[in-house]
Amino acid sequence: MEEDWGSPRFVEEQFRRWYARNSGTVPAPIDIAHREFAFLTFHGRTMYRHIRFSTLDELRRYLRANAPAHSYHSSGYYDDPSAEMARKGWRGADLVFDIDADHFDLPCQKEHDRWWCRNCDNQGTGHPPEICECGKAQFETETWLCDRCLQAAKHEAQKLLDILIQDFGVGTDELTTNFSGNRGYHVHVHSDGMIPLGQQARRETVDYIMATGLEAEYQGFSQRNRGARPTLAEGGWRGRTGRALYDYIQEVEPEEVKSMKLSRRATKSIIEDRERVLNTLMERHPSNVTSLIDPKSLQAVLEKAVKLQASEIDTVVTTDIHRLIRLSSTLHGKTGWQVQTIPYGALPDYDPLMRATVITGDPVRLEFRWAPKIKINDVEYGPYEDEEAELPLGAALFFLCKKGARLKR
Ligand SMILES: [Zn+2]
Ligand SMILES: [Zn+2]
Numbered sequence: 016m017e018e019d020w021g022s023p024r025f026v027e028e029q030f031r032r033w034y035a036r037n038s039g040t041v042p043a044p045i046d047i048a049h050r051e052f053a054f055l056t057f058h059g060r061t062m063y064r065h066i067r068f069s070t071l072d073e074l075r076r077y078l079r080a081n082a083p084a085h086s087y088h089s090s091g092y093y094d095d096p097s098a099e100m101a102r103k104g105w106r107g108a109d110l111v112f113d114i115d116a117d118h119f120d121l122p123c124q125k126e127h128d129r130w131w132c133r134n135c136d137n138q139g140t141g142h143p144p145e146i147c148e149c150g151k152a153q154f155e156t157e158t159w160l161c162d163r164c165l166q167a168a169k170h171e172a173q174k175l176l177d178i179l180i181q182d183f184g185v186g187t188d189e190l191t192t193n194f195s196g197n198r199g200y201h202v203h204v205h206s207d208g209m210i211p212l213g214q215q216a217r218r219e220t221v222d223y224i225m226a227t228g229l230e231a232e233y234q235g236f237s238q239r240n241r242g243a244r245p246t247l248a249e250g251g252w253r254g255r256t257g258r259a260l261y262d263y264i265q266e267v268e269p270e271e272v273k274s275m276k277l278s279r280r281a282t283k284s285i286i287e288d289r290e291r292v293l294n295t296l297m298e299r300h301p302s303n304v305t306s307l308i309d310p311k312s313l314q315a316v317l318e319k320a321v322k323l324q325a326s327e328i329d330t331v332v333t334t335d336i337h338r339l340i341r342l343s344s345t346l347h348g349k350t351g352w353q354v355q356t357i358p359y360g361a362l363p364d365y366d367p368l369m370r371a372t373v374i375t376g377d378p379v380r381l382e383f384r385w386a387p388k389i390k391i392n393d394v395e396y397g398p399y400e401d402e403e404a405e406l407p408l409g410a411a412l413f414f415l416c417k418k419g420a421r422l423k424r
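Numbered according to the numbering used here, the sequence shown spans residues 16 to 424.
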């Protein structure tokens with residue numbers, strides 16, 4: 016009998032073996048008795064949710080007994096987590112952030128992501144278009160990952176942590192950073208000041224972090240209002256705006272400056288007088304830069320510059336006060352990798368491609384339909400197309416979970 020692509024029964028068996036030995040290492044989320052838990056299995060698409068565990072032991076027993084493909088807990092705290100949604104009794108929720116490389120626009124996605132129209136023959140690489148040539152917007156997609164998109168996600172996560180700590184005063188012991196097990200990172204903030212926030216307050220927090228609607232004039236870049244000029248060292252977006260401008264102007268290519276259609280004077284200042292612009296930002300009050308770059312041009316430059324400092328977070332996740340989010344240290348059914356908590360300060364050196372493959376074992380022979388190349392534990396695999404190969408179990412599980420291959424018996 017031919018196996019299905021992905022060989023789900025084999026993958027489940029490996030998950031089961033891993034949980035049998037390692038469920039004791041899965042930590043409890045804070046205040047476990049007031050959280051909702053939810054799970055997906057390898058069979059069917061039903062989500063088992065509204066589950067409550069009074070103790071960590073109960074949770075671990077469940078993981079051992081069921082070896083779920085995906086494990087989640089609520090960001091929210093409830094009086095009765097097992098009740099239906101409206102009767103749960105919401106007490107508050109961690110502020111959670113999801114950073115997913117899937118939402119970025121990266122050149123590497125053209126190499127490892129593909130899409131097909133369900134309605135016509137159209138297909139392509141990278142993200143699917145908004146609407147297909149046939150007028151429909153129903154696509155099959157296949158999304159993979161690589162070291163470049165994981166790096167990009169990590170960079171966004173680091174910026175988010177900096178903003179949370181510097182601007183919101185979140186303590187390093189009040190936040191948890193997790194590798195999501197796939198293409199990104201989750202940051203959970205569980206400080207007393209954040210837990211009661213409603214949706215509107217969370218939306219405003221998102222706008223602040225993404226610098227939505229930030230205007231140069233109101234960050235002190237104005238010829239008027241001289242008393243309120245920002246310095247680069249200042250806290251919040253006032254200082255960050257100046258630093259963003261400095262970094263951007265230092266690096267920007269002349270072609271990009273020309274393409275922005277700034278005023279002639281502003282274009283000339285940035286391309287030919289770059290040192291003077293940078294010195295003005297650094298050594299004098301940054302607002303003096305408005306004598307070299309007029310306010311309208313400055314706003315255009317600023318919009319590009321702040322993107323480099325703001326963090327690309329998924330707005331829907333953060334504003335949802337009932338969100339389910341992956342449970343730390345469990346396995347991710349679409350990669351076979353572990354969701355991992357990264358201690359504060361360790362993120363810069365953290366590399367999921369070296370750390371997250373926790374299932375190991377004897378090599379297995381796979382039959383590939385298609386898979387892009389990826390480096391796992393310092394070994395490069397692929398690209399593969401209609402071929403067989405023998406891989407260490409950990410790497411093999413990744414290609415199986417992504418459904419790019421099946422077990423060759
Ligand atoms: Zn189509
Ligand atoms: Zn990539």
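All residues carry an ideal CB built from backbone N, CA and C; glycine is no exception.
Note that the coordinates shown come from a computational prediction; the quantities given were computed from them, not determined experimentally.
Ligand 2 heavy atom lying under 7 Å from the CB of residue i
| i | result |
| --- | --- |
| R50 | no |
| H201 | no |
| H127 | yes |
| Q124 | yes |
| L160 | yes |
| L368 | no |
| R163 | yes |
| L121 | yes |
Residue(s) in a DSSP beta bridge with residue i
| i | result |
| --- | --- |
| G351 | DSSP, once it has assigned bridges, lists no residue as partnering G351. |
| A361 | Bridge partners of A361: none, in fact. |
| N193 | H201, T356 |
| C132 | F154 |
| R421 | E382 |
| S86 | F54 |
| W105 | Y93 |
| L247 | Paired residues: none, contrary to the question. |
| L229 | Beta-bridge pairing links L229 to no other residue. |
Three-state class that DSSP yields for residue i in the structure shown
| i | result |
| --- | --- |
| K276 | coil |
| C123 | coil |
| T330 | helix |
| M16 | Confidence is the limiting factor: at M16 the pLDDT is only 49, short of 50, which leaves the residue's position unreliable and the question unanswerable from this model. |
| A371 | coil |
| L415 | helix |
| F30 | helix |
| V185 | coil |
| F54 | strand |
| V41 | coil |
| S22 | coil |
Assumed close pair residue i, residue j - CB separation to whole angstroms, cut-off 8 Å
| i | j | result |
| --- | --- | --- |
| R163 | C123 | 4 Å |
| K125 | G141 | 4 Å |
| A386 | F414 | 5 Å |
| L307 | P44 | About 52 Å; that fails the 8 Å criterion. |
| D109 | H203 | 5 Å |
| D113 | G199 | 7 Å |
| G348 | I374 | Not confirmed; about 12 Å, so no contact. |
| R421 | E18 | 5 Å |
| G251 | D177 | About 12 Å separates the two Cβ atoms, so there is no contact after all. |
| Y93 | W105 | 6 Å |
Span of the beta strand (DSSP E) around residue i
| i | result |
| --- | --- |
| G91 | 91-93 |
| M62 | 62-66 |
| I114 | 110-115 |
| K390 | 389-391 |
| E403 | 399-406 |
| I340 | 339-341 |
| T140 | 138-140 |
| V394 | 394-396 |
Segment limits, alpha helix (DSSP H) that includes residue i
| i | result |
| --- | --- |
| R163 | 162-181 |
| F236 | That residue, F236, is in no alpha helix (DSSP H); it is neither H nor E in DSSP. |
| L321 | The residue asked about is misnamed: residue 321 is Val in this sequence, not Leu. Residues 310-322. |
| R258 | 251-266 |
| L78 | 71-81 |
| I224 | 214-225 |
| T295 | 289-298 |
heavy atom of ligand 1 below 7 Å from residue i C-beta
| i | result |
| --- | --- |
| C416 | no |
| E9 | Any answer about residue 9 is impossible in this case: the structure gives the chain only from 16 up to 424. |
| E145 | no |
| E232 | no |
| K319 | no |
| N137 | yes |
| K423 | no |
| N193 | no |
| E148 | yes |
| K151 | yes |
Any non-hydrogen atom of ligand 4 within 7 Å of residue i CB
| i | result |
| --- | --- |
| R106 | Among the ligands present in this structure, namely ligand 1 and ligand 2, ligand 4 is not found. |
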